[in-house]
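Written out below as structure tokens is the structure these notes cover.
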């Protein structure tokens, strides 16, 4: 999934050019982006959805008072009870409240996605900047390592790692996502840094005697981070989807953890037997959350990329 | 061209060795940290020590370096490469050679991947062209919205829903109805039917290709819009070439270059996705083999199959790169 976004983000021109093209007024790049964003309805819709997802992830008790893992929360007599007017979400195969399970499962996916994105951004920005700025030997070493990691398809690599690992929790799953996810961000950051490096203000700063570290900190990072932000936002959605896929395959979260992937897994066969709500609701939660992050990333890209106007 | 191909093949050798080494390193490190899979297989009811030792020897897990955390086990890696070169990818926990099982099931997965590739390439490029040529018109907005929606559906979600709606509801109706021809019902089959080796794979193939279809459509659209604005297109128009020729020959050929690159990367995604789709649609290919191995905790199969699939992916990418050179003459001069 991230490969696509890498390919698209790679075509993004250096964002600094935005400010020059606009109508006389002296807005900074980010002022311009803000101007663009507050006028976009898609931005508001997706931000509200993202906010709800984050709230559900960190404060599930606001939406459903009892965790489905709490003692006495589930009653096998209720197993697979279909939605009614009182309970529009029905009950899961284990007799837990479906709404509560979905709400308490949000955190499992979203926190993994946040950890994985944070890890890949740190690695990607660090290695990508080093590779783009120093070039030469550093660049070829990092480039070769990236190639090697690219040779292992994401799901397959994660599968091997997690299949051998007996404990699969937030940390191990995030770790695996970082190990296989850092490459595309590194490549994008490298390209962006190389483009920024050739701009005049970098030469000016160097002529004034600025050190490498100072230029990277003050000029390069600020001017080349835009495609990374876009990619990281889309990545949040992508990692939610990958985590759910791995869990669905049986190498992610294990019962009795409540998670979306597990709910789809157990709902899949029962849906064929007529209990459609067991499948439709978890699927809807996954799709809406992933969609919110992808749309947000898309709007950000449009705001940051001058060529798409 | 010949020099480019030769260079590309020489570059390919360290990459494939590196990827295999990475895979080796990952599995070795995990085994060193958490203990070997043979012990994990038995859990608390461990058999006598001799049995474990014998099993470890059988699966190549008796190397002392597997107990030294952080040791990259280079010797073991060299042995494994030698075995891989002879087509020996180990045996699973039921004593079946992994390679034989792979070869036996590969044709089904290959057929499904071909359906997915053809579907995503034709429909994706077509939709991308429509959207790119009619930028900001209805069709463009339609393609953009529907592709974003499609991208938000993880393969397993889409697969489960399609199986429920098309495979079961529509398919059952078609197969039982008197008017629908046999082949139409088979197209909406819920599982693999050996009597219809291609038709019954339609549904899983389409599900597998759906995500990449959206990606290809968007990629084609972006690169077409970009190219339509370029100087050479203006020149072609100024020369008085017909629209058909300007777009069909000049613009499209250049716009498809990133799409070809994407299809190369995408083969890896299809191989990973086939595990999910084959698991859902019960298609007895390589993916289902892996899917069931995960359920049984049969690590030798998982490691063996992933190794073979990574090699397949790298070779496919090599071929795509060579094709790429045929499309883009600039590459050959570097």
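Residue numbers (my numbering), protein chains in the order written: chain A, 4 to 312; chain B, -4 to 329.
Even for Gly, the Cβ is constructed at its ideal location relative to N, Cα and C.
(request) Could you name the residues of chain B that residue 244 of chain A contacts, counting a contact when the two beta carbons are closer than 7 Å? (result) Those are 149, listed as they occur along chain B.
(message) Going by C-alpha to C-alpha distance, which of A:147, A:189 and A:56 sits closest to residue 287 of chain A?
(response) The shortest C-alpha separation from residue 287 of chain A is found at A:56.
(request) Out of A:271, A:201 and A:295, state which residue places its alpha-carbon closest to the alpha-carbon of residue 318 of chain A. (result) This structure gives no information on residue 318 of chain A, because the portion of chain A shown stretches from 4 to 312.
(request) Return the residue from the list B:217, B:208, B:212 and B:248 that minimises the CA-CA distance to residue 227 of chain B. (result) Checked all of B:217, B:208, B:212 and B:248; the closest Cα to residue 227 of chain B is B:248.
(request) Determine the DSSP secondary structure at residue 242 of chain A, reduced to helix, strand or coil. (result) It is helical.
(request) Using DSSP bridges, identify the partner residues of residue 86 of chain B. (result) Residue pairing by DSSP places residue 86 of chain B opposite B:92 in a beta bridge.
(message) Please report the straight-line C-alpha distance between residue 175 of chain B and residue 182 of chain B, rounded to a whole angstrom.
(response) So the two alpha carbons sit approximately 11 Å from each other.
(request) Using a Cβ-Cβ cut-off of less than 7 Å, list which residues of the stretch 284 to 306 of chain A approach chain B; keep chain order. (result) Residues passing the 7 Å Cβ filter: 286, 289, 290, 293, 294, 297, 298 and 301.
(message) If you measure between the beta carbons of residue 188 of chain A and residue 238 of chain A, is that distance less than 9 Å?
(response) Yes. Within cutoff.
(request) Just the C-alpha distance for residue 150 of chain A and residue 252 of chain A, rounded to the nearest angstrom, thanks. (result) Counting only the Cα atoms, residue 252 of chain A lies some 27 Å from residue 150 of chain A.
(request) Could you tell me how far apart the beta carbons of residue 145 of chain B and residue 185 of chain B are, in whole angstroms, since I believe they sit closer than 8 Å? (result) The Cβ separation is near 22 Å, so there is no contact.
(message) 9 Å is my cut-off, CB to CB: does residue 147 of chain A come that close to chain B?
(response) Residue 147 of chain A counts as touching chain B.
(request) Closer than 7 Å by C-beta to residue 122 of chain B: which residues in its own chain qualify, once you throw out the five before and the five after it? Chain order, please. (result) Here the set comprises 138 and 212.
(message) Here's a check: name, in chain order, each residue in its chain whose Cβ is nearer than 6 Å to the Cβ of residue 88 of chain B, leaving out the five neighbours to either side.
(response) 293.
(message) For residue 267 of chain A, would you say it is in contact with chain B, using Cβ-to-Cβ distances shorter than 9 Å as the test?
(response) Judged by the 9 Å Cβ criterion, residue 267 of chain A is in contact with chain B.
(message) Below 7 Å on C-beta distance, what does residue 166 of chain A contact in chain B?
(response) In chain order: 289, 294 and 297.
(request) Give a yes or no on whether 9 Å exceeds the smallest Cβ distance from residue 112 of chain B to chain A. (result) Residue 112 of chain B does not count as touching chain A.
(request) Measure the CB-CB distance between residue 293 of chain A and residue 147 of chain B and report whether it falls below 9 Å. (result) Yes, Cβ-Cβ distance for residue 293 of chain A and residue 147 of chain B is below 9 Å.
(request) For the stretch 123 to 187 of chain A, list the alpha helix (DSSP H) runs that are entirely contained and at least 4 residues long, ordered along the chain. (result) Counting whole runs of 4 or more residues, the stretch 123 to 187 of chain A contains the alpha helix (DSSP H) stretches 139 to 153 and 157 to 167.
(message) Does chain B have any CB closer than 9 Å to the CB of residue 150 of chain A?
(response) Yes, contact with chain B.
(message) Does residue 119 of chain B pass the burial test, meaning 16 or more other C-beta atoms within 10 Å, or should it be called exposed?
(response) With 16 or more other Cβ atoms within 10 Å, it is buried.
(message) Please confirm whether residue 170 of chain A has its beta-carbon closer than 9 Å to some beta-carbon of chain B.
(response) True, the Cβ-Cβ gap to chain B drops below 9 Å.
(request) Run through the stretch 57 to 82 of chain B for me and flag every whole beta strand (DSSP E) of 3 or more residues, listed as ranges in chain order. (result) None, since the stretch 57 to 82 of chain B contains no complete beta strand (DSSP E) of that length.
(message) Distance cutoff 9 Å, beta carbons only. Does residue 279 of chain A sit that close to anything in chain B?
(response) Answer yes: the Cβ-Cβ gap between residue 279 of chain A and chain B drops below 9 Å somewhere.
(request) With a threshold of 16 other CB atoms inside 10 Å of the CB of residue 140 of chain B, please say whether the residue is buried or exposed. (result) Exposed: under 16 other Cβ atoms inside 10 Å.
(request) Determine the closest residue to residue 169 of chain A out of B:224, B:210 and B:22, with distance taken between C-alpha atoms. (result) Sorting B:224, B:210 and B:22 by C-alpha distance to the C-alpha of residue 169 of chain A places B:22 at the top.
(message) If you reduce the DSSP assignment to three classes, tell me which class residue 227 of chain B lands in.
(response) Note: residue 227 of chain B maps to helix in three-state DSSP.
(request) Using a Cβ-Cβ cut-off of 9 Å, state whether residue 257 of chain A counts as contacting chain B. (result) Using a Cβ-Cβ cut-off of 9 Å, residue 257 of chain A does not count as an interface residue toward chain B, since no Cβ of chain B sits closer than that to its own.
(request) Please confirm whether residue 115 of chain A and residue 177 of chain A have their CB atoms less than 9 Å apart. (result) A contact, by the Cβ cut-off of 9 Å.
(request) Please report the residue range of the alpha helix (DSSP H) in which residue 235 of chain B lies. (result) Here residue 235 of chain B belongs to no alpha helix (DSSP H), and DSSP marks it neither H nor E.
(message) Counting only beta-carbon separations shorter than 9 Å, does residue 252 of chain B have a partner in chain A?
(response) Not flagged as an interface residue toward chain A: residue 252 of chain B, since no C-beta distance is shorter than 9 Å.
(message) Going by DSSP in three states, residue 24 of chain A sits in which element: helix, strand or coil?
(response) Only weak support is given to the placement of residue 24 of chain A: the predicted model assigns it a pLDDT of 44, under 50, and the value that follows is read from those uncertain coordinates. Residue 24 of chain A: helix per DSSP, three-state reduction.
(request) For residue 69 of chain A, decide whether its Cβ has a neighbour in chain B, counting only Cβ atoms nearer than 9 Å. (result) For residue 69 of chain A, the answer is no, since every Cβ of chain B falls outside 9 Å of its Cβ.
(request) Starting from the beta carbon of residue 272 of chain B, find every residue of chain A whose beta carbon is closer than 9 Å, and list them in chain order. (result) Within 9 Å Cβ-Cβ: nothing; residue 272 of chain B doesn't reach chain A, min ~11 Å.
(request) Would you list, in sequence order, the uninterrupted alpha helix (DSSP H) runs of no fewer than 4 residues that lie entirely inside the stretch 165 to 195 of chain B? (result) List check, alpha helix (DSSP H) in window: 166 to 171 and 177 to 182.
(request) May I ask you to list the residues that DSSP assigns as paired with residue 100 of chain A? (result) In the DSSP output, where bridge partners are listed per residue, residue 100 of chain A has A:94.
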